[in-house]
Amino acid sequence: MKVPKFLRAQHVAVYIPNDGELNPIPIAQQLWKMGKQCYLPVLHPTQERQLWFVEYTPESILTPNRFGILEPDRRQSHKIAAQLLDIVLLPLVGFDRKGGRLGMGGGFYDTTFAFHKGKKTKPHLIGLAHASQEVEHLEMADWDIPLYRVITDKEVILISND
């Protein structure tokens, strides 16, 4: 892993793959070897469609949330504010080369990263998807947060709106 953003990053959010999503765990394993800290998104207990980011280590015990997605116990792990993450790897259902992304439709990432809208600061939002999930164009709503990059099973896509 020689991508400069990953080399400089200290706090990287990954996710536990679900429903055929591209698996970021090999990336997390490399990051751990490099001494980086990884985090997983956890459903916020009181704020609708908000995520917390909880430290994820090889020893983390994961349990299913209300959607059946594995997450660490938010009470027993170190949390970090979304603004303090350097990189966030997001699962994608679809994407285009202008940073448009289609997730599972819950709006959790868009709500959590609303502070990021229109800024080119960290965290860098990097989508992970299979190359076959690319579409020519995704209509972006006002609340949609564009991606910084997309990593597929075939290439790294530099978003044209950088």
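Each residue of the sequence shown is one higher than the one before, starting from 1030 at the first, in the numbering used here. Just so it is clear, CB atoms sit at the ideal spot from N, CA and C, and this is done for glycine as well.
Looking at the secondary structure, which residues open and close the beta strand (DSSP E) in which A1042 lies?
Where A1042 is concerned, the enclosing beta strand (DSSP E) stretches over H1040 to A1042.
Could you tell me whether the Cβ atoms of K1062 and Q1039 are closer together than 8 angstroms?
no
For a quick check, are the C-beta atoms of Y1068 and I1109 less than 8 angstroms apart?
yes
Cα-Cα separation between P1046 and D1139, rounded to whole angstroms
Their Cα atoms are separated by approximately 19 angstroms.
Q1112 versus E1165 - alpha carbon distance:
In this model, Q1112 and E1165 are separated by some 30 angstroms (Cα to Cα).
Can you tell me which of the three DSSP states Y1138 falls into?
helix
For W1061, which three-state DSSP category applies?
It is helical.
Between H1040 and chain B, is the shortest Cβ-Cβ distance under 8 angstroms, so that the two count as touching?
Chain labels in this structure do not include chain B; a single protein chain is all it has.
Tell me which residues share the same chain as H1159 and place their Cβ nearer than 7 angstroms to its Cβ, disregarding the 5 neighbours each side in the sequence.
Cβ within range, chain order: L1051, T1181 and D1182.
Cβ atoms of G1135 and R1095: under 8 angstroms apart, would you say?
no
Taking the alpha-carbon positions, what's the L1080 to L1036 distance?
25 angstroms
Give the range of the beta strand (DSSP E) segment to which A1170 is assigned.
It is not in any beta strand (DSSP E) - A1170 carries neither H nor E in the DSSP assignment.
What number of angstroms, rounded off, separates the C-alpha of S1089 from the C-alpha of I1098?
14 angstroms
Using CA atoms only, rank isn't needed, just tell me which of T1092, E1184 and P1055 is closest to S1161.
Of T1092, E1184 and P1055, the residue nearest in Cα terms is E1184.
Of all the options I1186, L1154 and L1187, which has the alpha carbon lying nearest to the alpha carbon of D1173?
L1154
Of the listed residues R1178, P1175, G1156 and S1106, nearest to P1087 (C-alpha basis)
S1106
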